[in-house]
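Asks:
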Amino acid sequence: MKYQSTRSFEQVSDTAAVLRGIAADGGLYIDPQLGERPFDWQSCLDLTALEMAERILHHLLPGYTDMASLVKRAYEGKFDCEELTPLVKVGDDFVLELFHGPTSAFKDVALSMLPQLVTAAREQESVKDEIVILTATSGDTGKAALEGFHDVDGTGILVFFPADGVSPVQKAQMVTQAGKNVKVCAVRGNFDDCQTGVKQAFAAINASGMLNDRGKRLSSANSINIGRLAPQVVYYFIAYAKLLRRGEITVGEPVDYVVPTGNFGDILAGYFARLMGLPVGRLVCASNANRVLTDFLTTGIYDKRREFLKTSSPSMDILVSSNLERLLYLASEGDAALVAKLMRDLAEKGVYTLEGKALERIQSVFSAGCCDEEQSCQTIGRVWKDYGYLCDPHTAVAMHVAEEYKKTRESRTPLVVLSTASPYKFPAAVLKAIGGEAKGDEFLQMETLATLSGVPIPKGLSGLKERPVLHEDIIDRDQILDYVANLL
Ligand SMILES: *Cc1c(COP(=O)(O)O)cnc(C)c1O
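All the letters of the sequence shown, read from the start, carry residue numbers 17 to 504 under the working numbering.
(1) I'd like to check one pair, residue 409 with residue 303: are the Cβ atoms closer than 7 Å?
(2) Compute every distance between the C-beta of residue 117 and the non-hydrogen atoms of ligand 1, then say whether any falls below 6 Å.
(3) Locate the alpha helix (DSSP H) running through residue 356, then write down its first and last residues.
(4) Among 187, 243 and 490, which has the Cα closest to the Cα of residue 484?
(5) Rounded C-beta distance between residue 339 and residue 279? I'm assuming under 8 Å.
(6) Does the Cβ-Cβ distance between residue 335 and residue 296 come in under 7 Å?
(7) Answer yes if the segment 188 to 202 comes into contact with the segment 164 to 177, meaning at least three C-beta pairs across the two stretches below 8 Å, and no otherwise.
(8) Taking the C-alpha atoms as reference points, what is the distance between residue 35 and residue 249?
(9) Taking the alpha-carbon of residue 289 as reference, which of 73, 29 and 24 has the nearest alpha-carbon?
(10) With hydrogens ignored, establish whether the beta-carbon of residue 277 is closer than 6 Å to any heavy atom of ligand 1.
(11) How would you call residue 123, buried or exposed, if buried means at least 16 neighbouring beta carbons within 10 angstroms?
(12) Would you kindly work out how many angstroms separate the C-alpha atoms of residue 118 and residue 181, rounded to a whole number?
(13) Would the beta-carbon of residue 126 fall within 7 Å of that of residue 244?
(14) Output the distance between the C-alpha atoms of residue 479 and residue 88, rounded to the nearest integer angstrom.
(15) Taking the alpha carbon of residue 382 as the reference point, which residue from 113, 207 and 272 has its own alpha carbon closest?
(16) Quick one: what does DSSP say residue 340 is sitting in, helix, strand or coil?
(17) Taking residue 100 as the reference, give the member of 82, 58, 75 and 128 with the closest Cα.
(18) Is there at least one non-hydrogen atom of ligand 2 closer than 6 Å to the beta-carbon of residue 416?
(19) With DSSP run on the structure shown, which of helix, strand or coil describes residue 193?
(20) Checking 7 Å against the spacing of the C-beta atoms, do residue 487 and residue 148 come in under that value?
(21) Closest to residue 473 by C-alpha separation, out of 115, 43, 168 and 54, would be which residue?
(22) What are the start and end residues of the alpha helix (DSSP H) that includes residue 422?
(23) Using 10 angstroms around the beta-carbon of residue 226, count the other beta-carbons present and answer buried if the total reaches 16, otherwise exposed.
(24) Between 183, 130 and 30, which lies nearest to residue 477 when the distance is taken from Cα to Cα?
(25) What I want to know is whether the C-beta of residue 281 ends up closer than 6 Å to one or more non-hydrogen atoms of ligand 1.
(26) Kindly confirm or deny that the segment 255 to 267 and the segment 314 to 326 touch, where touching means at least three C-beta pairs closer than 8 Å.
(27) Would you check if the distance between the CB atom of residue 156 and the CB atom of residue 331 is smaller than 7 Å?
(28) Residues in its own chain within less than 6 Å of residue 468 by CB, not counting five upstream and five downstream?
(29) Please state whether the Cβ-Cβ distance between residue 306 and residue 282 is less than 7 Å.
(30) Which complete beta strand (DSSP E) runs does the segment 96 to 177 hold, if anything under 3 residues is left out?
(31) By Cβ distance below 6 Å, which residues in the same chain neighbour residue 489 in space, the five residues on each side in sequence not counted?
(32) Using only alpha-carbon positions, find the residue among 446, 84, 429 and 311 that is nearest to residue 264.
(33) Does any heavy atom of ligand 1 sit closer than 6 Å to the C-beta of residue 156?
(34) Do residue 310 and residue 386 come within 7 Å of each other at the CB atom, strictly closer than that value?
(35) Quick one, which of 358, 39 and 397 has its alpha-carbon nearest residue 215's?
The following block contains the structure:
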């Protein structure tokens with residue numbers, strides 16, 4: 017089985033796709049046959065979370081010879097519950113909590129697994145080179161990637177974050193990261209500046225051939241890497257299995273999923289689950305005030321020429337959602353030339369339009385909605401007051417969109433809202449929303465929130481303040497290339 021670039025006919029094995037991260041032509045790797053290769057999804061539903069992960073990842077990445085050990089090493093004992101992603105009933109709906117990993121972010125689900133996939137791929141492909149992970153982060157990816165890769169032999173990791181785009185807790189998590197193979201650097205600008213700069217550095221270094229004789233090669237921990245995306249498919253199955261075991265649904269009944277979206281990785285994993293046969297009903301894409309995806313999914317016009325808004329859900333403050341490219345490929349039935357053209361339009365003109373059958377196919381599965389700052393704040397307050405459930409601003413965006421979505425649909429399909437961060441990562445916003453007072457720094461606010469809500473502070477977040485700062489570099493976007501080149 018081969019992975020293929022979304023922009024040409026370039027084909028590689030799954031292990032090679034994980035090592036490269038991005039295709040030579042700038043495209044993303046995808047399995048064009050995913051919807052056609054048979055998968056016994058029903059027999060998955062009786063398994064434990066780890067067994068399910070093994071089965072699903074083996075299907076998505078069949079070239080790996082020992083997925084069972086990789087899954088064990090990635091997850092066993094690392095999450096604060098065995099089920100990995102608990103499903104909680106809140107009102108009539110369900111919340112799938114994806115933040116029980118070591119850094120309290122949903123990114124942990126994928127980034128606990130990725131280092132295992134990278135090191136195993138390195139062995140299987142007999143690669144001697146050190147794999148240097150180059151990552152731009154809007155906050156959570158950075159820490160989760162550092163946690164996954166630090167001190168992993170044969171790898172190095174370099175994380176760039178927007179100086180003004182992450183919360184104090186997120187920043188503290190990153191700049192206190194220890195490890196012999198890690199480096200963290202702030203970039204003046206927003207996440208898109210950061211991501212664009214890193215993508216350009218990536219391409220320039222590979223094109224220059226400067227790494228050929230240094231025993232190193234670059235890869236990515238961003239969700240453009242298929243090894244990052246594949247592990248996310250698992251929790252759609254976990255949620256479905258839970259609903260089944262609790263008697264909320266019968267086998268085959270559809271379930272709608274509402275997903276707080278930024279780079280489109282999380283929700284695309286739901287589409288993969290659907291292609292593998294899981295009865296995913298509609299996938300509802302929830303955006304914050306940066307509503308570029310809401311507009312695209314309703315009109316077919318993707319237009320990034322708009323003001324970039326900083327919101328209380330910074331991990332979703334994104335104008336270029338990289339993983340949408342994979343959906344364009346699948347919806348256009350593998351029309352790589354079309355995808356290449358659309359991506360060129362986006363880079364050169366800042367806008368592209370998708371029409372016809374491809375757009376229809378997307379709209380037959382995806383719905384979209386957005387949520388502004390006030391609505392997000394009100395939602396946190398309302399959900400706390402009505403159900404005693406504490407949610408973070410990202411989850412609140414999805415909860416609001418879920419409410420709006422329910423008003424428009426006719427079915428009463430069970431609905432799962434994906435929850436992507438612990439409320440303790442955004443204590444000021446959450447405190448304010450539930451009527452508390454956000455005094456002092458974020459660390460004090462966490463304590464106030466714990467006292468007020470009775471919900472315990474996650475282990476990885478308490479004690480953060482006392483840890484020494486190990487990374488203080490700050491650079492401009494156009495210095496990223498030089499910065500990386502100097503370290504290699
Ligand atoms: C990354 C992230 C998202 C967005 O996920 P995508 O896969 O980029 O769409 C949403 N919420 C939180 C808290 C995140 O860290």
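In this text, a Cβ means the ideal position worked out from N, Cα and C, and glycines have one as well.
These numbers were taken from a predicted model, which means no experiment stands behind them.
Replies: Walking through what the data contain:
(1) Stepping through the sequence shown from its first residue, residue 303 is reached at position 287. Stepping through the sequence shown from its first residue, residue 409 is reached at position 393. Contact flag unset, no.
(2) Taking the sequence shown and counting its residues from 1, the one referred to as residue 117 is at position 101. Proximity of the beta carbon of residue 117 to ligand 1 is not indicated: no heavy atom of the ligand is located closer than 6 Å.
(3) What you label residue 356 is simply residue 340 of the sequence shown in a count that begins at 1. Its alpha helix (DSSP H) spans residues 352 to 365.
(4) Working through the sequence shown from its first residue, we reach residue 484 at position 468. When each option's Cα is compared against that of residue 484, the closest is 187.
(5) Within the sequence shown, residue 339 is the residue found at index 323, counting from 1. Within the sequence shown, residue 279 is the residue found at index 263, counting from 1. With 8 Å as the limit, residue 339 and residue 279 qualify as a contact, their Cβ atoms being about 6 Å apart.
(6) Here residue 335 corresponds to residue number 319 of the sequence shown, with the count starting at 1. Here residue 296 corresponds to residue number 280 of the sequence shown, with the count starting at 1. Remark: C-beta atoms of residue 335 and residue 296 do not approach each other more closely than 7 Å.
(7) Verdict: yes, contact present.
(8) For the purposes of this step, residue 35 is taken as the residue at position 19 of the sequence shown. For the purposes of this step, residue 249 is taken as the residue at position 233 of the sequence shown. Cα to Cα, residue 35 sits roughly 20 Å from residue 249.
(9) Translated into the one-based positions of the sequence shown, residue 289 becomes position 273. Measuring from the Cα of residue 289, the nearest candidate turns out to be 73.
(10) Sequence index remark: in the sequence shown, residue 277 carries index 261 (1-based). Under cutoff, so the answer is yes.
(11) For the purposes of this step, residue 123 is identified with residue 107 of the sequence shown, where counting begins at 1. Burial call: buried.
(12) Counted from its first residue, the sequence shown places residue 118 at position 102. Counted from its first residue, the sequence shown places residue 181 at position 165. About 22 Å.
(13) What you label residue 126 is simply residue 110 of the sequence shown in a count that begins at 1. What you label residue 244 is simply residue 228 of the sequence shown in a count that begins at 1. In contact: residue 126 and residue 244 (Cβ atoms closer than 7 Å).
(14) Counted from its first residue, the sequence shown places residue 479 at position 463. Counted from its first residue, the sequence shown places residue 88 at position 72. Cα to Cα, the separation comes out at about 28 Å.
(15) For the purposes of this step, residue 382 is identified with residue 366 of the sequence shown, where counting begins at 1. Comparing Cα positions, the closest option is 272.
(16) The residue labelled residue 340 in the question sits at position 324 within the sequence shown. Helix at residue 340.
(17) The sequence position of residue 100 within the sequence shown is 84, counting from 1. Looking at the Cα atoms, 128 is the closest of the given residues.
(18) With respect to small molecules bound, the structure shown includes ligand 1 and not ligand 2.
(19) Here residue 193 corresponds to residue number 177 of the sequence shown, with the count starting at 1. Coil at residue 193, not helix or strand.
(20) Residue numbering aside, residue 487 sits at position 471 when the sequence shown is read from its first letter. Residue numbering aside, residue 148 sits at position 132 when the sequence shown is read from its first letter. No.
(21) Along the sequence shown, read from residue 1 onward, the residue named residue 473 stands at position 457. Residue 473 has its Cα closest to that of 115, out of 115, 43, 168 and 54.
(22) For the purposes of this step, residue 422 is identified with residue 406 of the sequence shown, where counting begins at 1. Taken as a continuous stretch (DSSP letters only), the alpha helix (DSSP H) holding residue 422 covers 409 to 424.
(23) Position 210 of the sequence shown, counted from the start, is the residue given in the question as residue 226. Per the 10 Å Cβ criterion, exposed.
(24) As a first step, residue 477 is located in the sequence shown; it is residue number 461 there, counting from the start. The shortest C-alpha separation from residue 477 is found at 183.
(25) Along the sequence shown, read from residue 1 onward, the residue named residue 281 stands at position 265. Within the cutoff, so yes.
(26) no
(27) Start at 1 with the first residue of the sequence shown, and residue 156 comes out as number 140. Start at 1 with the first residue of the sequence shown, and residue 331 comes out as number 315. Cβ atoms of residue 156 and residue 331: closer than 7 Å.
(28) The residue given as residue 468 occupies position 452 in the sequence shown. Hits under 6 Å: 452.
(29) Along the sequence shown, read from residue 1 onward, the residue named residue 306 stands at position 290. Along the sequence shown, read from residue 1 onward, the residue named residue 282 stands at position 266. Here residue 306 is not near residue 282, since their CB atoms are 7 Å or more apart.
(30) 103 to 106, 109 to 113 and 146 to 152
(31) Counted from its first residue, the sequence shown places residue 489 at position 473. Closer than 6 Å at Cβ, skipping near neighbours: 201.
(32) Translated into the one-based positions of the sequence shown, residue 264 becomes position 248. Checked all of 446, 84, 429 and 311; the closest Cα to residue 264 is 429.
(33) Taking the sequence shown and counting its residues from 1, one reaches residue 156 at position 140. Within the cutoff, so yes.
(34) Walking along the sequence shown from the start, residue 386 turns up at place 370. Walking along the sequence shown from the start, residue 310 turns up at place 294. Against a cut-off of 7 Å, the Cβ pair of residue 310 and residue 386 comes out as a contact.
(35) Locating residue 215 in the sequence shown gives position 199, counting from the first residue. Among 358, 39 and 397, the Cα nearest to that of residue 215 belongs to 39.
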